[in-house]
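Accompanying notes for the structure given below.
Protein chains in written order, with my numbering: chain A, 5 to 459; chain B, 11 to 260.
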């Protein structure tokens with residue numbers, strides 16, 4: 005397995021790790037689960053699955069660096085503990101949430117808003133979604149005894165401690181079902197707003213697209229004024245029907261002390277097209293993990309990502325792309341810009357199953373380090389079991405090109421502006437993959453805000 | 011007042027002294043040619059005037075309209091009216107030429123306390139200049155210099171010169187890599203910018219360029235010094251006799 009690290013870590017953390025491994029899995033969350041278990045949505049089979057998921061989490065504890073998938077993102081160090089669940093937002097909190105939603109809203113998109121992990125109809129625009137689109141809350145689906153398989157909603161093909169914790173603790177989310185052939189006239193924006201400090205939220209959403217559906221869905225993570233050091237744990241389970249076309253964007257613009265753990269699961273149908281885009285430009289600790297399985301022949305997957313990190317921000321994008329069938333293509337294109345003591349992680353795992361002949365998979369990751377203390381880790385992993393495939397990966401890490409900087413400065417651009425122009429060009433290579441003009445402009449604006457905040 | 015005064019300039023790169031007590035005075039409206047063999051320090055002089063990092067000035071000074079240029083950042087020098095046309099203009103993928111031109115022009119105007127150009131005025135101005143330099147519109151939409159031919163890159167430098175309206179233009183080996191037709195277009199562009207307020211320093215190996223951009227003063231550099239100055243006749247003599255006669259003079 006090829007692995008490259010621009011700043012290999014020493015043995016310094018080893019002993020500390022041993023000690024931490026002995027600490028329990030977080031007394032706060034343990035107590036919270038016991039106390040609130042009965043009040044979480046869904047009785048019967050749902051409660052059973054929650055209890056089992058919590059047992060699985062308790063056995064494993066928060067992921068740490070000796071678990072390969074979490075090698076560079078040791079949550080026992082970065083997160084330490086899982087905070088108590090956020091209380092139900094009161095009127096004042098909802099007013100602050102409303103202001104945050106207005107700021108984060110994408111013009112023309114239909115908003116579905118979750119405040120502190122609870123769906124908030126007053127801030128959402130369900131009615132605008134039109135025919136062929138059914139939106140329910142996860143809470144109502146889990147609580148409806150007529151849904152016999154409702155407990156299964158909390159199961160995923162891949163699981164780890166943070167996903168188990170999500171299944172155990174989830175309070176709400178949206179379940180979006182789009183019938184065959186529906187073309188969504190406007191993007192859907194799921195806005196996650198945190199209003200509390202030192203509390204956590206657990207959300208899980210479903211996106212089920214029928215055959216031939218065309219849709220764009222954005223997930224935005226933001227803080228209301230005054231929210232500090234909260235933790236968001238989100239999961240999204242996506243199925244893309246045959247010949248459907250989905251653009252799925254994920255923008256982490258959390259408050260500077262926040263933690264965001266997002267897990268995305270996708271099953272991509274035959275001849276379907278999926279453009280995934282992830283940007284981390286906020287939060288203290290962010291992990292975006294995508295598990296994408298190509299289950300139908302002739303599908304095309306494109307994943308683009310941008311990490312914009314400064315101060316001591318930690319941003320991790322981890323992708324597992326599973327080519328289960330022949331004749332599919334996958335493209336991964338990742339850009340990291342790291343300033344100050346920021347730490348960017350990209351792990352790209354491509355699996356090509358024995359039957360997945362004629363797979364064409366490519367992965368490119370580039371990191372730009374703006375300070376001597378910035379760190380970027382790139383870990384490509386290719387597991388190829390078929391013999392007639394094209395698979396490649398590349399990684400570069402470097403500083404801004406001095407000759408380009410001088411050229412721009414000699415034309416009158418002050419240093420920060422010259423850097424900003426080159427950084428925009430660098431991340432532009434990933435951002436230009438977004439074909440919807442409004443969504444692309446939204447992401448560009450978020451990147452520009454990050455650049456302006458750099459000063 | 012002289013526009014540019016270089017006095018006893020001494021410059022080092024790492025441990026090697028490249029310029030030894032170099033002096034040069036350029037007045038408004040004048041065109042100076044600096045000629046000399048490879049390694050004589052011509053490009054170093056242009057880089058130090060523009061403020062390129064990596065050079066250590068160990069002595070002397072550079073005054074631009076009486077102000078100490080060496081105290082200024084490269085972008086401040088540009089805003090004051092110093093323009094270096096690069097020998098090798100860099101390619102900047104992902105930065106559209108038009109966006110770059112507008113950002114740079116407005117940054118300079120902002121630094122001078124002037125108002126920013128309105129979009130229609132800016133576009134009109136760029137289009138006019140581009141047309142006179144045979145620069146097609148689609149080139150302006152591409153990344154800065156990306157995929158441009160040698161001649162196109164040099165024309166893009168002159169386009170910027172015309173747009174920014176600097177007081178001092180330093181043309182570093184503008185003729186390198188250009189065929190005769192491209193050279194003529196570039197030289198016509200430069201000549202159109204000659205004015206009583208603006209001075210030019212034309213750095214070149216070859217007298218050929220000076221047939222198109224006719225200088226008022228010609229300097230010969232060798233081993234980090236100006237070893238001879240004269241009128242245009244000097245460049246013609248050099249063409250006939252070569253630089254060898256100056257190798258020992260330094």
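C-beta: ideal position from N, C-alpha, C; glycine also.
Taking C-beta atoms as the reference points, residue 204 of chain A and residue 238 of chain A fail to come closer than 8 Å.
Around the Cβ of residue 194 of chain B, a 10 Å sphere holds fewer than 16 other Cβ atoms; the residue is exposed.
The beta carbons of residue 193 of chain A and residue 113 of chain A sit about 4 Å from each other, so the pair counts as a contact at 8 Å. Residue range 160-174 is occupied by the alpha helix (DSSP H) that includes residue 171 of chain B, with no beta strand (DSSP E) assigned at that position. Here the alpha carbons of residue 132 of chain B and residue 348 of chain A stand approximately 40 Å from one another. The DSSP assignment places no complete run of the alpha helix (DSSP H) inside the region 213-281 of chain A (cut-off: 4 residues).
Residues of chain A whose Cβ lies closer than 8 Å to the Cβ of residue 105 of chain B are, in chain order, 425, 426, 428, 429. Annotated as distal: residue 324 of chain A and residue 362 of chain A, with beta-carbon spacing of 8 Å or more. Per DSSP, residue 109 of chain B lies in no beta strand (DSSP E) segment; the continuous alpha helix (DSSP H) that holds it begins and ends at 107-121. In its chain, beyond the 5 residues on either side, 100, 101, 104, 197, 199 have a beta carbon closer than 6 Å to the beta carbon of residue 228 of chain A. Contact of residue 220 of chain B with chain A is not assigned, every C-beta pair being separated by 8 Å or more.
A residue is called buried when at least 16 other Cβ atoms come within 10 angstroms of its Cβ; residue 214 of chain B meets this threshold and is buried.
The C-beta of residue 295 of chain A comes no closer than 8 Å to any C-beta of chain B. Membership of residue 367 of chain A in the beta strand (DSSP E) is indicated by the continuous run 364-373.
Considering only B/56, B/16, B/35, B/65, the residue with the shortest C-alpha distance to residue 27 of chain B is B/65. Boundaries of the alpha helix (DSSP H) around residue 199 of chain B: 190-202. For the pair residue 329 of chain A and residue 360 of chain A, the CB atoms are nearer than the 8 Å cut-off. Residue state for residue 124 of chain B is assigned as coil, using DSSP reduced to three classes. Against chain B, the beta carbon of residue 338 of chain A has no neighbour under 7 Å; the closest one sits roughly 16 Å away.
Only residues of its own chain outside the window of five on either side were considered, and among them 213, 214, 215, 216, 217, 218, 219, 273, 276, 277 have a CB closer than 8 Å to the CB of residue 248 of chain A, listed in chain order. Remark: C-beta atoms of residue 165 of chain A and residue 44 of chain A do not approach each other more closely than 8 Å. Among the residues facing chain B, residue 402 of chain A is not included, as its CB has no counterpart in that chain under 8 Å away.
With its beta carbon less than 8 Å from one in chain B, residue 414 of chain A belongs to the interface. The C-beta distance from residue 253 of chain A to residue 222 of chain A rounds to 4 Å, short enough to meet the 8 Å contact threshold.
A distance below 8 Å between beta-carbons, with the five flanking residues on each side excluded, links residue 220 of chain B to the following residues of its chain, in chain order: 43, 212, 214, 228, 242, 245.
If you look at residue 219 of chain B, you'll find it in the alpha helix (DSSP H) that goes 218-222. The C-beta of residue 410 of chain A comes closer than 8 Å to at least one C-beta of chain B. If you look at residue 438 of chain A, you'll find it isn't in any alpha helix (DSSP H); DSSP assigns it neither H nor E. Contact of residue 437 of chain A with chain B by beta-carbon distance below 7 Å is absent, the smallest such distance being about 13 Å.
Look at residue 149 of chain B here: in three-state DSSP terms it is helix. Proximity of residue 168 of chain A to chain B, defined by a Cβ-Cβ separation below 8 Å, is not satisfied.
Exclusion of the five residues before and after residue 387 of chain A leaves 355 as the residues of its chain whose Cβ lies within less than 6 Å of its Cβ. In the pairwise beta carbon analysis, the region 450-459 of chain A is classified as not touching the region 150-170 of chain B: fewer than three pairs are separated by under 8 Å. For residue 292 of chain A, the enclosing beta strand (DSSP E) begins and ends at 289-298.
Three or more beta-carbon pairs separated by less than 8 Å are not found between the region 424-437 of chain A and the region 30-37 of chain B, which leaves the two stretches without contact.
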